[in-house]
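Engineer: Residue numbers (my numbering): 4 to 142. Heads up, the beta-carbon is just placed ideally off N, CA and C, and yes, glycines get one too. Please read these numbers as outputs of a predicted model, since none were measured by experiment. First the structure, which I've put down as structure tokens, then a few questions once you've had a look.
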């Protein structure tokens with residue numbers, strides 16, 4: 004903060020909030036998938052990520068959800084990962100450019116909050132976008 008204050012010639016105050024489970028935030032997860040896609044294929048990343056979640060019993064870990072400076076608990080009950088375009092490690096298959104995998108439910112009757120984030124990038128094989136949807140039930 005001191006270095007930024009000297010750079011911009013004003014006082015800067017940082018308000019940092021610790022994220023205990025960064026893979027439960029759709030924005031962080033979409034950017035992380037894009038960074039890791041340079042090393043591994045999409046299905047390998049998606050299956051490794053889905054093994055971390057326990058969506059079958061609909062009672063996974065306590066996840067803090069921030070709304071108007073109040074902390075609510077939420078359960079993650081659905082996840083949808085989608086890769087449109089060709090990533091860095093994807094093979095070229097004609098007319099097959101969308102890969103999608105979903106676990107759990109994202110229906111409006113069972114989910115209170117759906118977080119959606121998209122990361123758009125460019126590789127040597129063209130543009131691609133990662134779309135992440137997370138379904139939360141707020142307790």
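Taking the straight line between their C-alpha atoms, what separation do you get for residue 93 and residue 45?
Structural biologist: Translated into the one-based positions of the chain shown, residue 93 becomes position 90. Translated into the one-based positions of the chain shown, residue 45 becomes position 42. Spanning the two alpha carbons is a distance of roughly 8 Å.
Engineer: For residue 90, which of helix, strand or coil comes out of DSSP?
Structural biologist: Taking the chain shown and counting its residues from 1, the one referred to as residue 90 is at position 87. Residue 90: coil per DSSP, three-state reduction.
Engineer: In the structure shown, what three-state DSSP assignment does residue 106 receive?
Structural biologist: Start at 1 with the first residue of the chain shown, and residue 106 comes out as number 103. Residue 106 falls in the strand class under three-state DSSP.
Engineer: Under 6 Å: does the beta carbon of residue 127 sit that close to some heavy atom of the ligand FMN?
Structural biologist: Only the bare structure without any ligand can be found here, which leaves the ligand FMN out of the picture.
Engineer: Would a C-beta distance cut-off of 7 Å place residue 52 and residue 83 closer than the cut-off?
Structural biologist: The sequence position of residue 52 within the chain shown is 49, counting from 1. The sequence position of residue 83 within the chain shown is 80, counting from 1. Cβ distance not < 7 Å, so residue 52 and residue 83 don't count as in contact.
Engineer: Spell out a yes or no on whether the region 100 to 119 and the region 4 to 17 are touching, meaning 3 or more CB-CB pairs, one atom from each, closer than 8 Å.
Structural biologist: Flag = no, the region 100 to 119 and the region 4 to 17 do not touch.
Engineer: Can you give me the C-alpha to C-alpha distance between residue 21 and residue 30, rounded to a whole angstrom?
Structural biologist: The residue labelled residue 21 in the question sits at position 18 within the chain shown. The residue labelled residue 30 in the question sits at position 27 within the chain shown. Approximately 15 Å between the Cα atoms of the pair.
Engineer: Go ahead and label residue 18 buried or exposed: buried means 16 or more other beta carbons lie within 10 angstroms of its beta carbon, across all protein chains shown.
Structural biologist: By one-based count along the chain shown, residue 18 stands at place 15. With fewer than 16 Cβ atoms within 10 Å of its Cβ, residue 18 is classed as exposed.
Engineer: With DSSP collapsed to three states, give me the class of residue 32.
Structural biologist: Locating residue 32 in the chain shown gives position 29, where the first residue counts as 1. Three-state DSSP puts residue 32 in a helix.
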